[in-house]
Structures are given as C-alpha cells and as structure tokens.
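Report on one structure; see the data block that follows.
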Amino acid sequence: MVVADLLQFARQNGILTTIRGSVAGSLVTFVTGITNVNPLEYKLPFERFLNPERPSAPDIDMDFADNRRDEVIEYARQKYGADNVAQIGTFGTMLARGGVRDVARALGYPYGLGDRIAKEVPFGSQGFPMTLERALEENPELKKIYESEEDAKEIIDLGQKIEGCARHVGVHAAGVVMSPTPLWDYTPLQLDPKGGKIITQYDMYSIEEAGLLKFDFLGIRNLAILADSVRLVEKTRNIKVDIENIPIDDLPTFAMLARGETEGTFQLNGAGMTRYLKELKPSTIHDINAMVALFRPGPMETIPMYIERKHDAGRIHYLDPRMKEYLDFSYGVIVYQDDVLMTAIKLAGYSWLQADVLRKAMGKKIPKVMAAEKEKLLKGFVNYGKLSPTLAEKLWKLIEPFAAYGFGKAHAASYGRVAYQTSYMKANFPVEYMAAVLTADAGDIDKVAVMVAECKRMNIPVLAPDINESFGDFTVILSDPKLGHPVSKGTRGVLTQDSIRFGLYSIKNFGQGIADAIITERKQNGRFVSLSDFLRRVTKQQLNKKSLESLIQCGALDSLGERGQMLAHLDLLLEYHRSARGAGVDSLFAGIGGGNDLALPPAPPAAMGDKLKWEKELLGLYVSGHPLDRFKDKLNKRSMTIGELRTKATVGSMMVASGMVEDVRVILTRQGEQMAFIKLADYDGSIEAVVFPKSFAEYKTILNQGAVDTGLDKIRIQDYNVLELSRGVGNAEETRGQEGSRPAT
C-alpha cells in the first residue's frame with residue numbers, strides 16, 4: 014500500500030511512472046493502480062512475482078520521470094516522517110585498475126608506473142568486473158611486466174590484497190529505506206559527502222538483513238520526455254492527451270515504426286533495432302514487447318525467426334504442443350525468461366523455486382554449475398516430459414541463451430508500453446515530441462545535433478532562438494489558423510510548416526536569470542516591437558555587454574534588426590539601454606531616432622560564414638545553414654552521410670563518408686610517430702575517427718580544426734580507418750597494425 018500511495022501521488026501531480034520487474038504479473042497491483050498493465054491480457058505468470066516457494070518478499074521497483082523523481086522522495090519524507098525515510102548509502106570498492114593506481118601512489122612510485130600497469134589491465138564486462146588475478150592470465154604483456162619488474166610485482170601483489178575493499182562512500186542511485194520508528198534505531202546515519210541529504214551507513218544488503226523496507230526510486234529520461242510532450246500538446250493545441258489510455262492499435266504509430274523512424278523513442282531506437290523493426294513491421298503491442306526483450310545478446314539470434322513466423326503463419330510450430338499455451342503471442346518463439354521457466358516447469362516437472370535456481374545458475378555462466386543444471390534438466394525433459402533425448406537436447410540449445418540475458422515477460426510488457434507511448438507521441442504529435450526530446454538532450458550537444466538532423470528529416474525546421482517566441486526550453490511554433498498555413502511571426506519570411514525554436518536557456522554566455530526576465534516581461538507587457546522597445550523594457554541589471562552580444566550573434570534579435578549592424582553599434586545599444594530608464598533619452602539620442610525608435614547608422618551586414626561561426630559557438634551547432642551547403646550536391650554523389658554510416662556500416666565493409674574536421678587530437682605512438690584522433694562532422698552529426706601515422710604524415714596539413722576541404726576533384730585522405738571510439742579503440746600501437754586496411758574520405 015505504500016507503493017500504491019507513492020504512485021498515486023506521482024500520477025496526481027503529473028509525474029509519469031512505470032514499474033519494472035515481475036510486479037506487472039500481479040492482478041492485485043493492477044487493480045490497486047500500482048501497474049498499468051493488465052496481466053490477464055498479456056498472459057503474465059503471477060508466480061514469477063510471488064509463489065509459495067519464494068524465499069524472500071519481492072521488490073517493487075518504481076520508475077519516475079527523472080527530472081521529478083526527487084519530488085516523490087520528498088513526498089515520502091513528509092508523509093512517513095523525515096526521521097523514518099532516507100536514501101541508502103553505498104561503498105565504492107577498490108577495483109583492479111583503480112587499485113593499482115592507488116597502491117602506486119601510496120607507495121610513492123611515479124604516476125607513470127601505476128598508470129602503465131593499470132592500462133594493461135583489460136576491462137571487465139557488466140556484472141563481471143576484471144580482477145588482477147584474471148588480468149594476469151588474460152594479458153601476456155601484464156604477466157611479462159609482473160615477472161620482469163620488481164616494483165610492478167610489488168604494486169600488483171598489494172593491489173590483489175586490497176581488491177574489493179571499501180574506497181569511498183556514495184549514495185545508492187535508487188535505494189530508499191523506510192522504517193516504523195526513527196532510522197537511528199536500526200542503522201547508523203550520516204550526511205551525504207556531496208550534499209546535505211541524510212543517508213544510511215548500512216548498504217542495501219545490510220539494510221535488508223536489519224529487516225528494513227527498501228524501495229527503489231528510479232529515474233527514466235523518456236518518462237520526462239513523454240510528460241513534457243503531453244504538456245506541450247495541451248499548451249499549444251489545447252488537446253489533453255491521456256497517455257495511459259491511448260489506443261494500443263494506432264495505425265500511424267505502427268506505420269512509423271515500420272518505416273524505421275525510431276530516433277528519440279524509448280528502447281526502439283538504434284541502428285540494429287531499427288533495421289529489425291523495418292523487417293518486422295510491428296502491428297501489435299506484443300510485437301513491441303517481444304522486440305524490447307529480444308534485442309539483447311543471445312536472444313537476438315532468434316529475431317529473424319520471429320520475423321519470418323510473423324509474416325508466414327505456415328512457419329509457426331512448437332517443439333512440443335504443450336508450449337503453445339505460453340508461446341502463442343510470440344509465434345512459437347521463446348522470447349522471455351518466463352518462457353524458459355515455463356518450459357522447465359511444464360516439460361521437466363520443475364517447481365518455480367527449481368526453475369529460478371536454473372535461471373540464476375545459467376546467468377552466472379559457471380561451466381561446472383551449467384553442466385550440472387543441464388544434466389538435471391535433460392533428465393526432467395525425458396522422464397517427466399516424455400521427450401526423446403534428441404528433442405530434449407534441441408530444447409536445451411534453444412533455451413540456453415535466454416536464461417542469462419532474457420527479459421522477464423512482465424518487465425518487457427511495462428517497458429514495451431512506454432516504448433509504444435513514446436512512438437505514439439512522435440507519430441501523432443511530432444513537433445511537440447521532438448521539442449521535448451531536444452529539451453531533454455539540451456546538455457549534450459552531440460545528441461542535440463542528431464535530433465536536429467532527425468527534425469530536418471521529418472520536415473520540421475529548427476530555428477534560432479527569438480526573444481519574441483522562445484521560452485526557456487526548446488519552443489514549439491505552431492501554424493496561424495487564420496492564414497491556413499504555418500508562419501513564424503518572429504522570422505522575416507513565411508514558414509510552410511510547424512517548427513521548433515531553440516530556447517533561451519540554450520544560449521551560451523546568457524544566464525537563466527536574464528532569460529527568465531525577458532520571458533516574464535514579454536508575458537506581462539506583450540511582444541517587443543522594436544530594438545529600442547526591447548532595450549527600454551529590460552532592466553540594466555539584467556542585460557550586460559556579453560549577454561546582449563550573445564543574443565545578437567545567435568540570431569535571437571534577428572526579428573528586430575540585422576546582426577552585423579547591431580554588433581557594429583553594440584556600445585551605442587548598451588548606452589541607449591543604460592539611459593533608457595532615465596530622463597533625457599530623447600535629447601541624448603535625438604540624432605539616431607530619439608526615444609521612440611532607434612535608427613542605427615548603416616553598417617555592413619554579417620557574412621553567412623560569421624553567422625554560422627557564432628551559432629556554432631553559442632548554440633553548439635549551425636542553424637542558419639551549414640558550411641557544407643555549397644558542396645552538398647557533390648557530397649551526396651560521392652559519399653554517404655555520417656548518419657547513414659552509423660546505420661549501414663558493418664564490420665569489414667568499405668564505406669565512404671565526407672565532412673569537416675571539427676576537432677583534432679594529435680598523439681605519439683611508442684615509436685615516436687604522430688597520429689591523430691579526429692572528429693568528422695556533417696549535417697547528420699559527428700563521428701570519431703583515427704588517422705594512422707603514415708596517413709597523418711602525408712595529409713596533416715589539411716587536418717585543420719573547423720576547415721572545410723574544398724578540393725573535391727581529388728581524393729584528399731584515402732588511407733585511414735574510421736573507428737567509433739565507443740566500440741573500444743585500443744592504444745595507438747595496437748591500432749597501428751590496422752593502418753591502410755580501409756580507404757575512406
């Protein structure tokens with residue numbers, strides 16, 4: 014009931030929520046409003062959530078819009094007592110790489126020695142951190158250093174002893190604890206080292222052992238985007254979207270997904286997922302749930318089978334007729350962890366407890382344990398299920414990948430619902446949805462660039478900020494119903510579709526205080542009708558030279574004047590602004606238009622190149638145009654965009670992309686040769702690339718930051734690899750051996 018109360022508070026206050034994990038399989042949680050997924054409609058097994066053999070009570074993990082999660086935590090403090098509610102502390106531990114560096118520093122060794130050893134320690138995988146013992150087994154170079162260097166041996170030996178020891182105190186990302194009496198009756202408390210919050214000194218495991226009630230308050234960015242888009246639709250169109258009760262058979266939504274227009278949606282974006290969605294052409298919510306679950310290591314291998322069976326019912330078959338009961342929504346394909354558990358229960362006679370032991374054992378991927386579980390399961394298939402040994406073995410191979418990586422069916426239903434909701438908003442209210450996405454991404458200019466490119470593909474113009482139209486965040490500019498077609502009153506010229514403007518908060522060197530002051534003044538007293546009107550109405554404490562210059566350069570004052578002219582007379586504008594509220598304005602500025610209007614002396618207009626440079630500096634990307642515009646036709650003929658490169662490139666394939674160099678980082682290899690990491694950008698975004706020593710020596714003169722290569726009649730850089738750093742680029746010496754294997758431009 015505490016969870017129901019927290020979620021009811023959230024929904025009553027417009028905070029979007031969802032639930033993760035197996036809780037959606039409970040009918041009680043559905044009727045009490047904890048979940049929005051009817052388990053009967055989705056055939057979710059309740060026993061996965063709670064069964065008589067379960068050794069401990071299940072958790073209910075709550076997801077909230079990440080920008081409002083703290084409001085729910087604060088409500089819990091007020092409702093259940095500030096002394097009875099606290100966030101859970103965590104202990105960061107010594108890991109292999111960090112431990113080596115700490116030991117070297119503590120022993121007084123040069124930083125370079127500890128760093129060199131640490132860099133030879135391979136990275137671990139999620140849930141399986143690397144240990145120094147394993148690193149010595151896996152990396153011969155580290156083993157060589159250990160055996161040949163006495164100092165290194167001492168560091169590594171001590172590093173192994175401190176691995177796993179507590180290093181620092183932190184705050185659990187989601188955990189909150191509640192108690193019937195003040196928390197100090199159960200756990201020691203302290204202040205968060207980075208803030209003023211009270212946190213427990215027991216970690217989450219000790220909290221549970223103390224018998225306290227732990228809750229997970231998690232934040233999801235896409236729930237904030239959903240809520241923002243719903244708010245924008247109501248604000249701009251006076252349409253109230255009940256996002257929890259939208260139709261789940263919306264044709265425009267499924268058509269959009271079938272076209273692969275997934276950028277900005279929850280769980281359904283990304284090159285691989287998009288490619289599969291275009292092949293699948295989803296038509297039901299069950300298709301979306303299945304894709305959310307299948308697009309993971311292991312289960313991903315069965316996606317082609319799922320797609321084939323959806324489009325050809327003749328291919329649907331079950332290894333055993335008893336499997337149809339729980340595989341009918343997925344065309345006979347094992348999709349969820351629950352399918353694995355149900356197979357063990359129905360065909361091998363397992364109890365729910367035994368099935369969960371099987372799942373956990375397979376998840377740990379310990380060979381000895383796996384072998385024992387396999388033998389036990391195969392015996393159950395044959396003796397209880399009456400399957401042939403051959404069929405039993407085939408069934409094992411089918412379920413093996415899912416136990417470790419598969420999604421729970423209830424979890425997929427909850428997340429699939431949010432994925433569908435984001436897709437619905439993008440398909441039916443594209444301008445509002447993309448404005449919400451841009452606002453959420455505002456702190457990451459690379460993501461903003463990707464979303465601006467998506468807006469252009471959707472034929473949604475993204476315009477520079479404007480003091481008469483922009484609010485703080487990205488702003489929706491709708492059509493003028495009287496004219497019958499969209500216009501932007503603050504833009505010289507007429508637009509032909511709805512658009513999005515940069516918000517005033519997006520402008521660098523322009524504080525939120527002055528932005529809010531401009532918006533408030535505009536709301537209270539109307540639009541700024543002229544430059545002089547703007548300068549008179551904004552108080553001098555709020556507007557200084559830097560902020561006024563930024564407004565002009567980014568284009569926010571384009572509706573009131575020309576950038577070059579305003580910048581040429583910036584000091585005059587500031588003097589007018591300072592004098593505007595005092596007496597004598599008319600006489601002081603009589604020669605340039607008096608107090609009613611400000612007629613600036615002529616000045617050369619700003620060049621397009623300057624405008625683009627200013628926009629890039631202040632907004633993070635080009636808005637009025639792009640430096641590559643004059644080469645667009647040639648580029649389209651000779652190469653693909655970086656966006657296409659991201660979605661179409663495969664390992665070992667040859668791809669050609671063109672762009673301008675935005676950043677160059679030169680490093681030295683172990684042989685003392687220069688090479689570089691560069692950032693190549695075009696209309697669709699940017700990509701990191703590596704230029705190896707041979708190519709760098711030949712072409713380094715054209716690798717100038719911000720330069721556009723105009724010599725398109727000849728190949729300028731022919732012989733380097735384009736590598737995404739996010740996929741892991743080794744040290745310079747390791748990558749050097751690949752030089753010359755992939756031509757690119």
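When you read off a place in the sequence shown, starting at 1, and then add 13, the result is the number in the working numbering.
Using N, Cα and C, we set each Cβ at its ideal position, and we do this for glycine too.
Beta carbon proximity, residue i to chain B, threshold 7 Å
| i | result |
| --- | --- |
| Glu292 | Protein chains in the displayed structure number just one, and chain B is not present. |
Closest residue to residue i among the options (Cα-Cα distance)
| i | options | result |
| --- | --- | --- |
| Lys56 | Glu292, Met355, Ala223 and Phe541 | Met355 |
| Asn472 | Asn258, Ile513 and Asn481 | Ile513 |
| Leu556 | Cys567, Asn258, Arg540 and Asn522 | Asn522 |
| Leu20 | Leu40, Val41 and Thr45 | Thr45 |
| Ile458 | Tyr397, Phe515, Met318 and Pro414 | Phe515 |
| Gly94 | Leu561, Arg678, Val190 and Val395 | Val190 |
| Ala581 | Pro142, Arg591, Ala593 and Leu561 | Leu561 |
| Ser296 | Pro706, Ile320 and Phe136 | Ile320 |
| Ile691 | Glu146, Gly685 and Asp676 | Asp676 |
| Arg659 | Ala368, Lys536, Ala284 and Asp546 | Ala284 |
| Leu476 | Trp409, Ser572, Ala453 and Ser545 | Ser572 |
| Glu162 | Gly656, Leu126 and Lys469 | Leu126 |
| Ala620 | Ser637, Leu293, Pro614 and Leu632 | Ser637 |
| Asp79 | Ala17, Asp241 and Gly121 | Asp241 |
| Ile680 | Leu693, Val703 and Ser666 | Val703 |
| Lys389 | Leu371, Gly376 and Ser401 | Leu371 |
| Pro135 | Gln367, Pro614, Lys407 and Asn152 | Asn152 |
| Arg147 | Met375, Gln173 and Ala165 | Gln173 |
Nonlocal neighbours in the same chain, by C-beta distance under 6 Å from residue i, ignoring five residues either side
| i | result |
| --- | --- |
| Ala423 | Ser35, Ala37, Gly38 and Leu57 |
| Asp726 | With a pLDDT of 35 at Asp726, under the threshold of 50, the predicted position of this residue should be treated as unreliable, though the coordinate-derived value follows. Excluding positions up to five away in sequence, the list is empty. |
| Glu575 | Pro618 |
| Lys291 | Gly273 |
| Ile32 | Thr48 and Ser427 |
| Met760 | Outside the displayed range of the chain (14 to 758) lies residue 760, so it cannot be described from this structure. |
| Ile301 | Pro295, Gly429, Ala432 and Tyr433 |
| Trp365 | Glu60, Asn64 and Glu66 |
| Phe342 | His299 |
| Arg505 | Note that Arg505 has pLDDT 38, beneath the 50 cutoff, so the model's placement of it is unreliable and the number below is only indicative. There are no such residues. |
| Asp205 | Val184 and Ile212 |
Close-in-space but distant-in-sequence residues of the same chain around residue i (CB under 8 Å, 5 per side omitted)
| i | result |
| --- | --- |
| Arg180 | Phe104, Gly105, Thr106, Met107, Gly111 and Asp115 |
| Tyr797 | No statement about residue 797 is possible, as the shown extent of the chain runs from 14 to 758 and does not include it. |
| Gly393 | Ala357, Leu360, Ala361, Gly362 and Tyr363 |
| Glu630 | Lys521 and Gln566 |
| Phe77 | Ala23, Ile28, Leu29, Thr30, Val85, Phe230, Leu231, Gly232, Ile233 and Leu236 |
| Pro443 | Met471 and Ile473 |
| Pro494 | Low confidence applies to Pro494: its pLDDT is 48, below 50, so where it sits in the model is not reliable, and the reading given next is rough at best. Around Pro494: no qualifying Cβ. |
| Gln687 | Val679, Ile680, Leu681, Pro706, Phe709, Ala710 and Lys713 |
| Pro265 | Ala440 and Asn441 |
Supposed contact pair residue j and residue i - C-beta distance, whole angstroms, cut 8 Å
| i | j | result |
| --- | --- | --- |
| Met304 | Tyr289 | 7 Å |
| Pro334 | Tyr418 | The pair is not a contact, with the Cβ atoms about 27 Å apart (cut-off 8 Å). |
| Ile490 | Asp511 | 7 Å |
| Glu176 | Ala109 | 6 Å |
| Gly568 | Glu482 | With 8 Å as the limit, Gly568 and Glu482 do not qualify as a contact, their Cβ atoms being about 12 Å apart. |
| Leu332 | Leu391 | That pair is no contact at about 14 Å. |
| Tyr215 | Thr194 | About 16 Å; that fails the 8 Å criterion. |
| Leu196 | Asp96 | 6 Å |
| Tyr589 | Leu611 | 6 Å |
Cβ shell of residue i (< 7 Å), same chain only, five flanking positions each side left out
| i | result |
| --- | --- |
| Ile412 | Ile347, Val353 and Thr356 |
| Val450 | Ile238, Gly277 and Met464 |
| Leu587 | Lys558 and Leu561 |
| Gly421 | Gly34, Ser35, Arg61, Tyr349, Gln350 and Asp351 |
| Leu648 | Leu641 and Ser671 |
| Gly503 | Here the model assigns Gly503 a pLDDT of 39, short of 50, so the residue's position is not dependable, and the following value carries that caveat. The answer, listed in chain order, is Asp479, Asn481, Glu482 and Ser572. |
Residues sharing a beta bridge with residue i, DSSP
| i | result |
| --- | --- |
| Gly698 | Asp695 |
| Ser560 | None; Ser560 has no bridge partner. |
| Ser138 | Phe141 |
| Leu340 | Paired residue(s): none; Leu340 is not in a bridge. |
| Met653 | Ala670 |
| Thr31 | Asp76 |
- Validate contact between the region 263-279 and the region 222-230 using beta carbons, cut 8 Å, 3 pairs: no
Open item on the list: With three or more C-beta pairs closer than 8 Å as the rule, is the region 206-226 touching the region 426-434?
Closed with: no
The region 685-698 contacting the region 454-473, beta-carbon criterion three pairs below 8 Å: yes
Mind the definition here: the region 84-99 touches the region 381-395 only if three or more C-beta pairs lie below 8 Å; say whether that holds. no
If we count Cβ pairs, one from each stretch, closer than 8 Å, do we get three or more for the region 157-164 versus the region 182-193?
no
Item to complete: Examine the Cβ distances between the region 642-653 and the region 667-679 and report whether three or more of them are shorter than 8 Å.
Response: yes
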